[in-house]
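Undergrad: One structure follows; several queries about it will come next.
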Amino acid sequence: MLEFRTQGFNGYGVKYSPFFDSRIAVAASANFGLVGNGRLYILGLTPNGVVAEKWFDTQDSLFDTTWSESHENQILAACGDGSIKLFDITLAEPFPIRAWSEHAREVFSVHWNLVTKDTFLSSSWDGCIKIWNPSVDASLATLPTHSCTYSAQFSPHSPSMLSCVSSDSQLRVFDLRTPASASNHLTMSVPIHTPPRAKPGMAPGMGIAPSEALTHDWNKYRPELVACAGVDRTIRSFDLRMPSAGPVAVLSGHDYAVRKISWSPHLSDVLLSASYDMTCRVWTDGSAVGVPGKEGQMGDPMCFGGGREMGKMGRHTEFVTGVDWCLFGAEGWCASCGWDERVLVWDVRAIMGP
Numbered sequence: 001m002l003e004f005r006t007q008g009f010n011g012y013g014v015k016y017s018p019f020f021d022s023r024i025a026v027a028a029s030a031n032f033g034l035v036g037n038g039r040l041y042i043l044g045l046t047p048n049g050v051v052a053e054k055w056f057d058t059q060d061s062l063f064d065t066t067w068s069e070s071h072e073n074q075i076l077a078a079c080g081d082g083s084i085k086l087f088d089i090t091l092a093e094p095f096p097i098r099a100w101s102e103h104a105r106e107v108f109s110v111h112w113n114l115v116t117k118d119t120f121l122s123s124s125w126d127g128c129i130k131i132w133n134p135s136v137d138a139s140l141a142t143l144p145t146h147s148c149t150y151s152a153q154f155s156p157h158s159p160s161m162l163s164c165v166s167s168d169s170q171l172r173v174f175d176l177r178t179p180a181s182a183s184n185h186l187t188m189s190v191p192i193h194t195p196p197r198a199k200p201g202m203a204p205g206m207g208i209a210p211s212e213a214l215t216h217d218w219n220k221y222r223p224e225l226v227a228c229a230g231v232d233r234t235i236r237s238f239d240l241r242m243p244s245a246g247p248v249a250v251l252s253g254h255d256y257a258v259r260k261i262s263w264s265p266h267l268s269d270v271l272l273s274a275s276y277d278m279t280c281r282v283w284t285d286g287s288a289v290g291v292p293g294k295e296g297q298m299g300d301p302m303c304f305g306g307g308r309e310m311g312k313m314g315r316h317t318e319f320v321t322g323v324d325w326c327l328f329g330a331e332g333w334c335a336s337c338g339w340d341e342r343v344l345v346w347d348v349r350a351i352m353g354p
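Residue numbers (UniProt numbering): 1 to 354.
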């Protein structure tokens, strides 16, 4: 396990470069993001450990970051003052090359379009998502959610589909190909706390009081599958072909809110989670039936759909707020960051049980 200390800054988001397996970005904030400056770290993995290749200071907190999918040296940062900043890490001057300031409150997530690679989105506490082109000064579209929106993403399978989760416990899906009209491209709104479908011989599940949804992620191999998690400590996955049926898998085990989840880029049934309980956990959703050693199990009665926890990493000493997989090499390396001012680079396979 490798470690880097973000001295004086508490981590909020970590992201591997889509171009280099040895480069990681970390968005961090002073004073836990409550007040003060932010810092965007560009870290390199070297034979001598993790080193800071460059960093950019901002006047307000940073809550998220994402690499450009079209330019290997450009990266976005989501700022607490409502702005989005684009940096080029090859330039000597520590200033953004572009900035946008249309959001009225904190920008909490940014995400690049993985398919067309010419647009990105942002979501904010002001209750909207905005679509941007890095070469245009104003946003291309605004999608209202009317609720504090913590996480938004483009689908990795379609350039025009995107989703978000927010404080009203709804998973929303938008399709930019549809007429804007009164729906503002909204095609689906799924109540995250719908009880799961009853299995044969079981009574229907009881509903759960809605709570804030903090994070979600599209499955990289199954275009219809999206996982969500948040304050209620539970991860749920939904099949968008039948959203009214409720979650297809429910994974419980964290002791406090789940702050970040990420599906594996290598295995269709595996995802990582980061939580305020100071742990990262690896899960299977139970869909890998028939694969030797990976059959879904119902060992935990709180888990639904055959999923289960496969391992836990507890080396952080404060809230874990970010986690991301390495896209390259062996299927297991990842990075995590947290409020303990530490970035850890580790191998998921080392914590997985049999």
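Backbone N, C-alpha and C define an ideal beta-carbon position, used for all residues, glycine too.
For clarity, every value in this text was computed on a predicted model and none was experimentally measured.
Taking the DSSP output, what are the residues bridged to residue 360?
TA: In the structure as shown, the chain starts at 1 and stops at 354, and residue 360 therefore has no counterpart that could be examined.
Undergrad: Once you ignore the five residues that flank S155 on each side, which residues in its own chain have a CB closer than 6 Å to its CB?
TA: Working through the sequence shown from its first residue, we reach residue 155 at position 155. M161, W218.
Undergrad: The beta strand (DSSP E) with W346 in it runs from where to where?
TA: The sequence position of residue 346 within the sequence shown is 346, counting from 1. Unbroken beta strand (DSSP E) run through W346: 342-347.
Undergrad: Report the CB separation of T119 from I129 in whole angstroms; it is logged as a contact under 8 Å.
TA: For the purposes of this step, residue 119 is identified with residue 119 of the sequence shown, where counting begins at 1. For the purposes of this step, residue 129 is identified with residue 129 of the sequence shown, where counting begins at 1. Between I129 and T119 the Cβ distance is about 12 Å, and since that is not below 8 Å, they are no contact.
Undergrad: Report the three-state DSSP secondary structure of F19 (helix, strand or coil).
TA: Locating residue 19 in the sequence shown gives position 19, where the first residue counts as 1. It is coil, neither helix nor strand.
Undergrad: To which residues does DSSP link T6 through a beta bridge?
TA: Here residue 6 refers to the residue found at position 6 of the sequence shown. DSSP lists no partner for T6.
Undergrad: Bridge partners of S262, per DSSP?
TA: Counting from one through the sequence shown, the residue named residue 262 turns up at place 262. Paired residue(s): L272.
Undergrad: Near G290, what residues of its chain come up, given a Cβ to Cβ distance below 8 Å and the 5 sequence neighbours on each side ignored?
TA: As a position in the sequence shown, residue 290 is number 290, starting the count at 1. Any answer about G290 is weak, because its pLDDT of 41 lies below 50 and its placement is not dependable; what the coordinates show is given next. So no residue of the chain qualifies.
Undergrad: What is the rounded straight-line gap between the Cα of A141 and the Cα of W132?
TA: Mapped onto the sequence shown, residue 141 falls at position 141. Mapped onto the sequence shown, residue 132 falls at position 132. Cα-Cα distance, rounded: 7 Å.
Undergrad: Out of D285, V190, Q59, which has the shortest C-alpha to C-alpha gap to M242?
TA: Taking the sequence shown and counting its residues from 1, one reaches residue 242 at position 242. When only C-alpha atoms are compared, the closest one is V190.
Undergrad: Using only alpha-carbon positions, find the residue among S70, F95, A182, G307 that is nearest to V250.
TA: By 1-based counting over the sequence shown, the position of residue 250 is 250. When only C-alpha atoms are compared, the closest one is G307.
Undergrad: Compare the beta carbon distance of S124 and V136 with 9 Å and say whether it is the shorter of the two.
TA: The residue labelled residue 124 in the question sits at position 124 within the sequence shown. The residue labelled residue 136 in the question sits at position 136 within the sequence shown. No. Outside cutoff.
Undergrad: Report yes if the C-beta distance between G44 and F9 is below 9 Å; otherwise report no.
TA: Reading the sequence shown from its first residue, position 44 is the one you call residue 44. Reading the sequence shown from its first residue, position 9 is the one you call residue 9. Their beta carbons are not under 9 Å apart, which means G44 does not touch F9 by this criterion.
Undergrad: Tell me I42's beta-bridge partners as DSSP assigns them.
TA: Counted from its first residue, the sequence shown places residue 42 at position 42. According to DSSP, I42 bridges with A25, K54.
Undergrad: I'd like the span of the beta strand (DSSP E) that includes P179, first residue to last.
TA: The residue labelled residue 179 in the question sits at position 179 within the sequence shown. Run containing P179: none; DSSP gives neither H nor E here.
Undergrad: Does the stretch 225-237 come close enough to the stretch 164-179 that 3 or more CB-CB pairs lie under 8 Å?
TA: Verdict: yes, contact present.
Undergrad: Rank W325, V343, Q7 by C-alpha distance to the C-alpha of D21 and give the top, closest one.
TA: Taking the sequence shown and counting its residues from 1, one reaches residue 21 at position 21. The residue with the shortest Cα to Cα distance from D21 is W325.
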